[in-house]
Amino acid sequence: MKVFLIILLNTWMLTASPMAVAADTATSEMAAIIIELNHYPTAKDKQLLTHIINNVHATAGEKVIAAALMRMQHRVADEDADKLRRLAADDSVAEAERVLAEISLSIAHHPTQTDIKRLKALIE
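Residue numbers (my numbering): 14 to 137.
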């Protein structure tokens, strides 16, 4: 019985934990990308953003932000701005996602120093 409980607990930890970590990781990874952003994401950033978009554990909001960052050229595309505005205004969305949406909307070539401080707070 004891062995069964240990196996059950280990199975639960292996299946439940990645979901929680995946969401936090996606938010942190996008915050790090925005901090370093200079006009548009790098090829490496785009690979990471594609992974977030295709990740079954990423939230709908994370996928919206990742897609907007993928298409960013100096600022978010008009088609993404509306989605980001809705996301930023949605109180049911995680605060970190709302912050990323707000900051993404305000970027003109790169984030401001104030935005960088907010982004670093998301990573910590």
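Note that the Cβ used here is the ideal one computed from N, Cα and C, for glycine as well. The structure displayed is predicted, hence computed values, not measured ones.
Pairwise C-beta distances place the stretch 102–117 in contact with the stretch 76–86, as three or more of them are shorter than 8 Å.
In this structure residue 89 is in contact with residue 97, their Cβ atoms being roughly 6 Å apart against a cut-off of 8 Å.
Our two residues, residue 121 and residue 94, have alpha carbons roughly 13 Å apart in a direct line. Here residue 121 is bridged, per DSSP, to 123. The secondary-structure analysis by DSSP pairs residue 86 across a beta bridge with 88. Taking the Cα positions, residue 92 is about 21 Å away from residue 44. For the options 59, 38, 52 and 73, the alpha carbon positioned closest to that of residue 103 is the one of 73. For the pair residue 71 and residue 38, the Cα-to-Cα distance works out to about 9 Å.
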